[in-house]
Structure formats: structure tokens, C-alpha cells
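All remarks here apply to the structure that follows.
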């Protein structure tokens, strides 16, 4: 009876310790974990379960703490160094370009077209040809940019259409035309100037817009 109570006590203690350490490590779903995070979490599960059958709870807590601290250090270095982040986490790979699968990349990733189509369907995309660029991110998730014809109409685009419509139905020198023209110019001035987009960065293997030095 004492052995069962001891085992139950160990299990409860290790369960509590595991939750506390994982809380410190951060909350991410398995699909969002990086390679380092996945290795640490698998190691934590193996280490935490072992002491239930022996008496090494203290050493297990220390080992678990070391693993979590190591993970925090790795993530901190990833924030500080872009090169270190690429080395540990990897980088996104272009798997679709101009509506066509990039076969060479798919072979390197050991990803079939059927598996790629599954990921597209999960994103609500019915045709590969609707995708201008798609990338397989370091955490295994799919990023994509649709072609112009397949993109949904945004509020900003709708406002531009209405502005153009109103301008086309107003005399050039009318007060309403001048007001709309001034508002459009003001919006353009407020928008930050950017070169390219984040998918272009993956293709060119460089950042088009410099990242903050403290967040590489």
C-alpha cells in the first residue's frame, strides 16, 4: 500500500513540476514548435516519467530545469542573431511558385504533391494554380500568397474602388472631387513604404526591410 501511495505522490509532484517548467518554457502547439523546442519537450517527457519507478525526483527536477533553461537560452540567441536562428530553426522553403509546385524543393523536403494539396485544402484553397507563392515554414506550417484574381476583396480595395467611382462621376474641380483626392493622398502618406513582401524575402534569401537590431 505504501508503495502505491509513494508512486502516486511522485506522479503528482512530477506532474506539478512539469507544468511549472513548461509554463516557464512557453506555450506553443506541437505544429508551431521549432526543432529545438520539439527535442526539449520529448526529452522532458522521457525524463519526468522515469522517477515514478525510482527515487531520483530531485535529480529529475534539476535535469528538467537545465533543459528548460537551455531552451530559453537558445530562443534568446535566436532573437539576437539571425544567423543562429537559421542554423537552429532553419528557414522557409518555396514549394509553389507561379501556380506550379517546385519539384526540386519538394524532393529535398520529402513532400509529395498529394501532401502539399492536403495542406492547401486545409487552408481553403481548391486549386494550386490560384497560389502565386507558397512556402513551407520552419515549423512545418504552410504560408501562401494568392494570385490577384483569387484574392478576396479587402476593405481597403473596396474603398479605392468607391473613391475611383466617385471621382469618375464628379467634375474635376468640384469640392467633393478635391476632398476625395486630398483624403487619398493623406492615406498614401500615412502608409509605410515597403520594398517587396515577405515571400520575396524567402526567394531572395535576404530581408527587404531591415529588422530591428534587438529582434533579428
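Residue numbers (full-length UniProt numbering): 1 to 216. Here a beta-carbon is modelled for each residue, glycine too, at the ideal position from N, C-alpha and C. Bear in mind that the values here come from a model prediction, so they are computed numbers and not experimental data.
Practice prompt. Tell whether a beta-carbon distance below 7 Å holds between residue 64 and residue 47.
Written response: Here the question's residue 64 lines up with position 64 in the chain shown. Here the question's residue 47 lines up with position 47 in the chain shown. Cβ distance < 7 Å, so residue 64 and residue 47 count as in contact.
Worksheet item: Are residue 134 and residue 90 close, meaning C-beta to C-beta below 7 Å?
Response: For the purposes of this step, residue 134 is taken as residue 134 along the chain shown, with counting starting at 1. For the purposes of this step, residue 90 is taken as residue 90 along the chain shown, with counting starting at 1. Going by C-beta atoms, residue 134 is not nearer than 7 Å to residue 90.
Worksheet item: For the segment 50-122, which segments carrying the beta strand (DSSP E) assignment without a break, of at least 3 residues, lie completely within its bounds, in sequence order?
Response: 93-97
Discussion item. Quick check: residue 43 and residue 77, are their CB atoms within less than 7 Å of each other?
Written reply: The residue given as residue 43 occupies position 43 in the chain shown. The residue given as residue 77 occupies position 77 in the chain shown. Contact: no.
Worksheet item: Whose C-alpha, out of 94, 164, 71, 72, is nearest the C-alpha of residue 132?
Response: Taking the chain shown and counting its residues from 1, one reaches residue 132 at position 132. Nearest of 94, 164, 71, 72 to residue 132, Cα basis: 94.
Worksheet item: Looking at the unbroken beta strand (DSSP E) that takes in residue 151, where does it start and where does it end?
Response: Numbered from 1 along the chain shown, position 151 holds the residue referred to as residue 151. First-last for residue 151: undefined, no H or E at that position.
Worksheet item: With burial defined as no fewer than 16 other Cβ atoms inside 10 Å of the residue's Cβ, what is the status of residue 2: buried or exposed?
Response: Counted from its first residue, the chain shown places residue 2 at position 2. So residue 2 counts as exposed.
Item to complete: Given a cut-off of 7 Å, decide if residue 129 and residue 156 are closer than it, judged by their beta-carbon atoms.
Response: As a working mapping, residue 156 is identified with position 156 in the chain shown. As a working mapping, residue 129 is identified with position 129 in the chain shown. Contact flag unset, no.
Worksheet item: Tell me which same chain residues have a C-beta within less than 6 Å of the C-beta of residue 144, skipping the five on either side of it?
Response: Counting from one through the chain shown, the residue named residue 144 turns up at place 144. Once the five neighbours on either side are set aside, the close Cβ partners of residue 144 are 131, 134.
Discussion item. What would DSSP say about residue 2, mapped onto helix, strand or coil?
Written reply: Along the chain shown, one-based indexing puts residue 2 at 2. Correct three-state label for residue 2: helix.
Discussion item. Within a Cβ cutoff of 8 Å, which residues of the same chain sit near residue 192, ignoring the five residues on either side of it in sequence?
Written reply: The residue you call residue 192 lines up with position 192 of the chain shown. Caution is warranted here: a pLDDT of 48 is assigned to residue 192, below 50, making its placement in the model unreliable, and the coordinate value is therefore given only provisionally. Closer than 8 Å at the Cβ level, and outside the excluded window around residue 192, lies no residue.
Item to complete: Mind checking who residue 143 pairs with in its DSSP beta bridge?
Response: Residue mapping note: residue 143 aligns to position 143 of the chain shown, counting from 1. Beta-bridge pairing links residue 143 to 135.
Worksheet item: Going by alpha carbons, who is nearest to residue 141 out of 62, 121, 84, 81?
Response: Numbered from 1 along the chain shown, position 141 holds the residue referred to as residue 141. Comparing Cα positions, the closest option is 121.
Worksheet item: Would you say residue 83 and residue 17 are within 7 Å of each other, going by their C-beta atoms?
Response: Counting from one through the chain shown, the residue named residue 83 turns up at place 83. Counting from one through the chain shown, the residue named residue 17 turns up at place 17. No, the Cβ-Cβ distance between residue 83 and residue 17 is not below 7 Å.
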